[in-house]
Amino acid sequence: MTQKIEDYVAAQTAGRGFDAVFDTVGGDNLTNSFAATALNGHVVTTVALSEIDLTPAHFSGLSLHVVFMLLPMLHDVNREVHGEILGNLATLVDEGAMKPLLDEKTFDLSQVGEAYARLQSGQALGKVVIEV
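With this note's numbering applied, the sequence shown corresponds to residues 1348 to 1479, in that order.
Here's what the structure looks like:
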């Protein structure tokens, strides 16, 4: 079953949108992240190396946070803080407060090309999983 992002968001949030969206894909998906976020919500992205129209974010009062976690570590600035951040994130994952959205179709290692094609086609909802 292929579900549109707006349908998923409506079903999960009663049409309100999520208070915060964490984008690890970037590109056109950042626009999807804006659409999935509630008014005055927060969008965090780790992949902002693209030109994108911020109008949807502006009209929804969103705050956009661009995170390149390695930058402080590469410059040896507050490295210990990043260990704390990752520890807190691990706790949230362990408690079930964060869970990845995985596409319903999974692939094995011999199907890497098919997995990539599904990702590129736009049919995948969430992360595409390759089992090894």
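C-beta atoms are modelled at their ideal positions from N, C-alpha and C, and glycine is treated no differently.
Own chain partners of residue i with C-beta closer than 8 Å, once the 5 adjacent residues on each side are dropped
| i | result |
| --- | --- |
| lysine 1446 | Val1440 |
Enclosing beta strand (DSSP E) for residue i [first to last residue]
| i | result |
| --- | --- |
| histidine 1412 | 1410 to 1413 |
| leucine 1449 | 1449 to 1455 |
| valine 1394 | Valine 1394 -> no beta strand (DSSP E), and no H or E assigned at all. |
| valine 1368 | 1365 to 1370 |
Test item: CB-CB of residue i and residue j under 8 Å
| i | j | result |
| --- | --- | --- |
| valine 1394 | valine 1368 | no |
| arginine 1465 | valine 1476 | no |
| leucine 1448 | glycine 1473 | yes |
| serine 1397 | glycine 1374 | yes |
| leucine 1421 | valine 1390 | no |
Reduced DSSP secondary structure (H/G/I, E/B, other) of residue i
| i | result |
| --- | --- |
| glycine 1434 | helix |
| methionine 1348 | Reliability fails at methionine 1348, whose pLDDT of 49 lies under 50, so the model's placement of it is uncertain and the value that follows must be treated cautiously. Here methionine 1348 sits in coil by DSSP. |
| histidine 1422 | coil |
| threonine 1360 | helix |
| threonine 1384 | strand |
| glutamate 1478 | strand |
Exposed unless 16 or more other CB atoms sit within 10 angstroms - verdict on residue i
| i | result |
| --- | --- |
| glycine 1460 | exposed |
| phenylalanine 1406 | exposed |
| leucine 1409 | buried |
| glutamine 1430 | Here residue 1430 is glycine; the residue named in the question, glutamine, does not match the sequence. Glycine 1430 comes out exposed. |
| alanine 1361 | exposed |
| valine 1356 | buried |
Where the alpha helix (DSSP H) containing residue i begins and where it ends
| i | result |
| --- | --- |
| valine 1459 | 1459 to 1468 |
| threonine 1402 | 1402 to 1406 |
Neighbourhood of residue i by C-beta distance below 7 Å, restricted to the same chain and skipping five residues each side
| i | result |
| --- | --- |
| valine 1413 | Thr1392, Ala1395 |
| threonine 1378 | Ile1399, Pro1403 |
| threonine 1453 | Val1476, Glu1478 |
| arginine 1363 | Ala1385 |
| alanine 1358 | none |
Residues near residue i in its chain [Cβ-Cβ closer than 6 Å; skip 5 each side]
| i | result |
| --- | --- |
| isoleucine 1352 | Asn1379 |
| aspartate 1366 | Ala1385, Gly1388 |
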